[in-house]
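Asks: First residue of the sequence shown? That's 1 in the UniProt record's numbering, and the numbers climb one at a time after it.
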Amino acid sequence: MNMTSGRFDELFLTLAQQNGSIEGLLDSFFDFLHRKTDFYVVSHDPGASRMGFLPGQAQQMVLAAMNKYPLKQIDPTAARPSAPVAKQAVKAPVSTPPPVKSTPLVALNAEGKQLPVGNGGVTDKYTWTQTLDDVSIHVDLPTGTRSRDIDCQIRAQHVRVALKRPSERNDDGVLLEGDLPDKIRADESIWSIESSTSTLQISLEKIKKTWWASALVGDAEIDTSQVDSTRQIHEYDDATQAAIRKAMFDQQQQQRGLPTSDQMQMQNLLAQARNAPNAPI
Numbered sequence: 001m002n003m004t005s006g007r008f009d010e011l012f013l014t015l016a017q018q019n020g021s022i023e024g025l026l027d028s029f030f031d032f033l034h035r036k037t038d039f040y041v042v043s044h045d046p047g048a049s050r051m052g053f054l055p056g057q058a059q060q061m062v063l064a065a066m067n068k069y070p071l072k073q074i075d076p077t078a079a080r081p082s083a084p085v086a087k088q089a090v091k092a093p094v095s096t097p098p099p100v101k102s103t104p105l106v107a108l109n110a111e112g113k114q115l116p117v118g119n120g121g122v123t124d125k126y127t128w129t130q131t132l133d134d135v136s137i138h139v140d141l142p143t144g145t146r147s148r149d150i151d152c153q154i155r156a157q158h159v160r161v162a163l164k165r166p167s168e169r170n171d172d173g174v175l176l177e178g179d180l181p182d183k184i185r186a187d188e189s190i191w192s193i194e195s196s197t198s199t200l201q202i203s204l205e206k207i208k209k210t211w212w213a214s215a216l217v218g219d220a221e222i223d224t225s226q227v228d229s230t231r232q233i234h235e236y237d238d239a240t241q242a243a244i245r246k247a248m249f250d251q252q253q254q255q256r257g258l259p260t261s262d263q264m265q266m267q268n269l270l271a272q273a274r275n276a277p278n279a280p281i
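#1: Pick helix, strand or coil for Val-135, following the three-state DSSP scheme.
#2: So the candidates are Val-227, Thr-199, Pro-277; which of them puts its Cα closest to the Cα of Gln-73?
#3: Could you pull out every residue in the same chain whose Cβ sits closer than 8 angstroms to the Cβ of Val-217, ignoring the five residues on either side in sequence?
#4: Work out the CA separation of Leu-141 and Asp-214 for me, nearest whole Å.
#5: What is the DSSP secondary structure of Ala-58, counted as helix, strand or coil?
#6: Express the C-alpha separation of Leu-270 and Gln-201 in angstroms, rounding to a whole number.
#7: Please identify the residue among Phe-249, Ala-276, Ala-64 whose C-alpha is closest to the C-alpha of Gln-263.
#8: Do you know how far the Cα of Gln-272 is from the Cα of Glu-205?
#9: Once DSSP output is grouped into helix, strand and coil, what is the label at Ser-261?
#10: So what does Gly-121 bridge to, in DSSP terms?
#11: Look up Phe-53 in the DSSP assignment and say whether it is helix, strand or coil.
#12: Taking Glu-221 as the reference, which of Gly-24, His-34, Val-117, Ile-150 has the closest Cα?
#13: At which residue ranges does the stretch 130-212 contain complete beta strand (DSSP E) runs of 3 or more residues, listed in the order of the chain?
#14: Cβ of Arg-155 within 8 angstroms of Cβ of Ala-186?
#15: If we ignore side chains and look at the alpha-carbon of each, how far apart do Ile-137 and Asn-67 end up?
#16: Can you grab the Cα-Cα spacing for the pair Gln-17 / Leu-63, in whole Å?
#17: Pick helix, strand or coil for Leu-63, following the three-state DSSP scheme.
#18: Mind checking Val-227: buried by the 16 CB within 10 Å criterion, or exposed?
#19: Let me make sure I understand the geometry here. Which of Asp-124, Asn-119, Lys-125, Ala-239 has the alpha-carbon closest to that of Thr-131?
#20: Considering just the uninterrupted stretch of the alpha helix (DSSP H) at His-34, what are its terminal residues?
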């Protein structure tokens, strides 16, 4: 969970009340980004200019931020105001139809593949996101479901999620089952339940750093050519981070007409050699 979750609720509630609607709140927020930040600046080399984002990167950040939090379904058991009943009316049993679950709208390319959201996609049973290192699958659960009610089996190339006590709407109890596109580290993969949203999250650790077209074999695929393949520096190991920072420093030095880190190191060695006793230079 986000460590700052709820920290700015009072501020955002005030802004929401002043704007009068979600649309107004979002408009004010993006207006701020447009006027006061480089969020809307398009740059083909943000590292060199130290400003802006690659084409399409800002839009992907917005979608990824939204997809980070699961959608919520209206609780069908919530109390609703009822119309007054005539005194002598005969009460008749009323059967409540099961709620109809709507699948979020997704954009498709010319080949009918989904344009990725959070580098993942949407199916009628779950939503999923991914990085080069892992895959996260989000499954809606019946309200009140606890960890003890779930049977989640994660194997090297297969996943199965089922309710230990099937409901009327789910006779066999199976919520999700299928083969994975590639092998994972099952012993390093975990699952948990977000009780506030009744959502099961499965985190699968990839072995190969590749982009998956689908979370499960045979399900709707995404266009992997459209994924956001950029990575933040902190996502790399220490050695790679050091190499990236060195390259960025050298690039900035060259643009300013100053020596690179290697040239500076060579100059220091020459200076030490000149100052050494009996130096030949």
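Positions of the beta carbon are idealized from the N, C-alpha and C atoms, including for glycine.
Predicted, not measured: the structure shown is a model, and the values here were computed from it.
Replies: Looking at the atomic coordinates:
#1: Reading the sequence shown from its first residue, position 135 is the one you call residue 135. In the displayed model, Val-135 falls within a strand according to three-state DSSP.
#2: Residue numbering aside, residue 73 sits at position 73 when the sequence shown is read from its first letter. Selected option, being the one with the closest Cα: Thr-199.
#3: In the sequence shown, the residue the question calls residue 217 occupies position 217. Taking Val-217 as the centre and dropping the five residues before and after it, the same chain places the C-beta of Gly-178, Asp-179, Leu-180, Pro-181 closer than 8 angstroms to its C-beta, in chain order.
#4: Reading the sequence shown from its first residue, position 214 is the one you call residue 214. Reading the sequence shown from its first residue, position 141 is the one you call residue 141. Correcting the residue type first, residue 214 is Ser in the shown sequence and not Asp. For the pair Ser-214 and Leu-141, the Cα-to-Cα distance works out to about 21 angstroms.
#5: Residue numbering aside, residue 58 sits at position 58 when the sequence shown is read from its first letter. Residue state, collapsed to three classes: helix.
#6: Along the sequence shown, one-based indexing puts residue 201 at 201. Along the sequence shown, one-based indexing puts residue 270 at 270. Linking Gln-201 to Leu-270 through their CA atoms gives a straight-line distance of about 58 angstroms.
#7: Taking the sequence shown and counting its residues from 1, the one referred to as residue 263 is at position 263. When C-alpha distances from Gln-263 are compared across Phe-249, Ala-276, Ala-64, the shortest belongs to Phe-249.
#8: Here the question's residue 205 lines up with position 205 in the sequence shown. Here the question's residue 272 lines up with position 272 in the sequence shown. Using only the alpha carbons, I get a separation of about 49 angstroms.
#9: For this step, residue 261 is matched to residue 261 along the sequence shown. Collapsing the DSSP output to three states places Ser-261 in a helix.
#10: Here residue 121 refers to the residue found at position 121 of the sequence shown. Paired residue(s): Trp-128.
#11: Position 53 of the sequence shown, counting from 1, holds the residue named residue 53. Phe-53 carries a strand assignment under DSSP once its states are collapsed to helix, strand and coil.
#12: Translated into positions along the sequence shown, residue 221 becomes position 221. If we check each option's Cα against that of Glu-221, Val-117 comes out closest.
#13: As far as the stretch 130-212 is concerned, its whole beta strand (DSSP E) runs of at least 3 residues are 134-140, 150-155, 158-163, 174-179, 190-194, 199-205.
#14: Position 155 of the sequence shown holds residue 155. Position 186 of the sequence shown holds residue 186. Yes; because the gap between Cβ atoms is below 8 angstroms, this pair is in contact.
#15: In the sequence shown, residue 137 corresponds to position 137, counting from 1. In the sequence shown, residue 67 corresponds to position 67, counting from 1. Taking the straight line from one Cα to the other gives about 12 angstroms.
#16: Taking the first residue of the sequence shown as position 1, residue 17 is located at position 17. Taking the first residue of the sequence shown as position 1, residue 63 is located at position 63. One alpha carbon belongs to Gln-17, the other to Leu-63, and they sit about 25 angstroms apart.
#17: Locating residue 63 in the sequence shown gives position 63, where the first residue counts as 1. In the displayed model, Leu-63 falls within a helix according to three-state DSSP.
#18: By 1-based counting over the sequence shown, the position of residue 227 is 227. Residue environment analysis places Val-227 among the buried positions, since at least 16 neighbouring C-beta atoms fall within 10 angstroms of its C-beta.
#19: Here residue 131 corresponds to residue number 131 of the sequence shown, with the count starting at 1. Per the Cα distances, Asn-119.
#20: In the sequence shown, counting from the first residue as 1, residue 34 sits at position 34. It spans 22-36 - the alpha helix (DSSP H) in which His-34 sits, taken as one unbroken run.
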